[in-house]
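Reminder that position 146 of the sequence shown reads as 127 in our numbering, one-by-one numbering, no gaps.
Report on the following structure.
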Amino acid sequence: MTSFTLMILSGDGIGPETMAEVRKLIGWINARGDLKIGMQDGLIGGAAIDAHGVPLGDETLERCRTVDAIMLGAVGGPKWAGAAYDKRPEAGLLKLRKELDLFANLRPAIVFDALVEASTLKAEIVKGLDILIVRELTGGVYFGEPRGIEDLGNGERRGVNTQVYTTSEIRRVGRVAFELARKRGNKVTSCEKSNVMESGLLWREEITALHKAEFADVALDHMYADNCAMQLLRNPRQFDVIVTDNLFGDILSDEAAMLTGSLGMLPSASLGAPGTPGLYEPVHGSAPDIAGQGKANPLATILSFAMCLRYSFDQGALADRIERAVHDVLNAGTRTADIMAPGCREVSTSAMGDALLGSLE
Ligand code: IPM
Ligand code: MG
């Protein structure tokens, strides 16, 4: 029997509720007997601040290094919003990404046929959409030095962040994008602002050189990030894989997510070098306004777990099966409040998890 260890960091807000449905699914998998997934729990975000005063404790981080993969719910909430950057829930997530060197963030934006009307764009523009954003996750302006706010002493202050990339940082994430493109539509669009930024020019040159040396069979084009933002609204199906830096990727992936009209459906994976545990989390946040009410959509967290099965546990067939079950549940008209439509049946978080298990059976 193949066995894996999974760290579960439920986090804040709706995180624990959506994760409970993943636990049910793991219970179902373990009961089948051919795969054994051992779970352990840890605190992150506001939950960790409340318990230990820090958004990710050292003991939790060390345990994260020893498991095969990590599932994360969501972090943040108004309770912790005013604190210094390093004492906010988000800092726990950034620390985990950085410490494990999870440099490639995969964010698929898929429009499910059953949800095509949920998009704010016309159905004819988004129907069948299936794009993958590969966002660089451990470099760029999020981590560049120098950074800070300094007092200039003349009544003025100066805020500084630094956008910085090296050859190897660009190439390793580019390689992930090209390799994934080969298994999909075989096309990569690389986005930067090389018209105004040296780091963007280096990005374009390194991606071009990598393409020429190792991936000439994959179609490559380059786009300025602002144009990409526009093209995502104008004609999103022109894209297959988009590879971009940390900040542009943060923004473009939110835009791509909204094309689908259903943030509650979108999973993500953050991957590092081989042998590093992958981190899997829904794209949505902690949604404090609906936390604890059984209203949250658990499907993004469940689909993130399917990515975990595919990328960290090499269980592609089981991942496919779970993704098909999600389609089936939606096609049968089962909906949480966020994706409710006329004629469908509105269910709670846990009833959605049950419907998924029913469909898997
Ligand atoms: C994301 C989020 C994070 C980011 C925040 C919570 C730090 O927006 O994962 O996209 O900016 O990377
Ligand atoms: Mg974001």
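Ideal placement from N, C-alpha and C gives every residue a C-beta, glycine not left out.
Since the structure is predicted, the reported quantities are computational estimates derived from the model, not experimental observations.
Closer than 7 Å: residue i CB and nearest the ligand MG heavy atom
{"i": "D345", "result": "No statement about residue 345 is possible, as the shown extent of the chain runs from -18 to 342 and does not include it."}
{"i": "D235", "result": "yes"}
{"i": "D226", "result": "no"}
{"i": "D231", "result": "yes"}
7 Å CB neighbourhood of residue i in its chain, flanking five on each side removed
{"i": "F196", "result": "F159"}
{"i": "D364", "result": "The chain is shown only over -18 to 342; residue 364 falls outside these bounds and no answer can be derived."}
{"i": "S267", "result": "G(-8), D(-7), G(-6), I(-5), G(-4), A55, V56, G57, G58"}
{"i": "W347", "result": "The structure shown does not extend to residue 347, since the chain is modelled only from -18 through 342, so no value can be given for it."}
{"i": "G297", "result": "R291"}
Nearest to residue i (by Cα), restricted to the options the options
{"i": "S(-16)", "options": "H308, S293, M288, G140", "result": "S293"}
{"i": "V307", "options": "D270, I10, F93", "result": "F93"}
{"i": "A272", "options": "S329, S234, I112, I30", "result": "S329"}
{"i": "M3", "options": "I283, A313, S331", "result": "In the sequence as displayed, the identity of residue 3 is Val instead of Met. Nearest of I283, A313, S331 to V3, Cα basis: I283."}
{"i": "T47", "options": "G259, W61, E(-2)", "result": "G259"}
{"i": "R305", "options": "L280, D221, E80, A90", "result": "L280"}
{"i": "G374", "options": "D15, T225, G334", "result": "Nothing can be reported for residue 374: it is not among the residues displayed for the chain, which extend from -18 to 342."}
{"i": "Q144", "options": "G14, W184, A277, V199", "result": "W184"}
{"i": "E150", "options": "A1, S180, K60", "result": "S180"}
{"i": "P217", "options": "K108, E137, N278", "result": "K108"}
{"i": "D270", "options": "D132, L213, K60, D335", "result": "K60"}
Residue i CB to nearest heavy atom of the ligand IPM below 7 Å
{"i": "L74", "result": "yes"}
{"i": "E71", "result": "yes"}
Cross-strand partners of residue i (DSSP beta bridge)
{"i": "Q21", "result": "M(-12)"}
{"i": "H203", "result": "S171"}
{"i": "V222", "result": "L113, V169"}
{"i": "Y261", "result": "M52, A250"}
{"i": "P89", "result": "L113"}
{"i": "G140", "result": "I130"}
{"i": "L16", "result": "T(-17)"}
Backbone secondary structure at residue i - three-state DSSP
{"i": "E327", "result": "strand"}
{"i": "S249", "result": "strand"}
{"i": "D295", "result": "coil"}
{"i": "T315", "result": "strand"}
{"i": "D132", "result": "strand"}
{"i": "R69", "result": "coil"}
{"i": "T373", "result": "Shown here, the chain extends from -18 to 342; a query on residue 373 therefore has no answer."}
{"i": "L83", "result": "coil"}
{"i": "T101", "result": "coil"}
{"i": "T(-17)", "result": "strand"}
{"i": "L37", "result": "coil"}
{"i": "L77", "result": "helix"}
{"i": "F229", "result": "helix"}
{"i": "E342", "result": "coil"}
{"i": "D(-7)", "result": "coil"}
{"i": "V157", "result": "helix"}
{"i": "N208", "result": "helix"}
{"i": "D94", "result": "helix"}
Cutoff 6 Å; reference residue i; Cβ partners in own chain excluding five residues on either side
{"i": "A300", "result": "A287, L290, R291"}
{"i": "T325", "result": "According to the sequence provided, residue 325 is Cys. The question's Thr does not apply to it. Around C325: G314, R316."}
{"i": "A50", "result": "L(-13), P258, G259, C289, S293"}
Interface flag, residue i vs chain C, CB-CB below 8 Å
{"i": "V56", "result": "Among the chains of the structure shown, chain C does not appear; only one protein chain is present."}
Chain-order list of residues whose beta-carbon lies under 8 Å from that of residue i (same chain, five-residue window excluded)
{"i": "T101", "result": "M239, G242"}
{"i": "L83", "result": "L77, L118, T119, S251, L252, G253, T257, G259, L260"}
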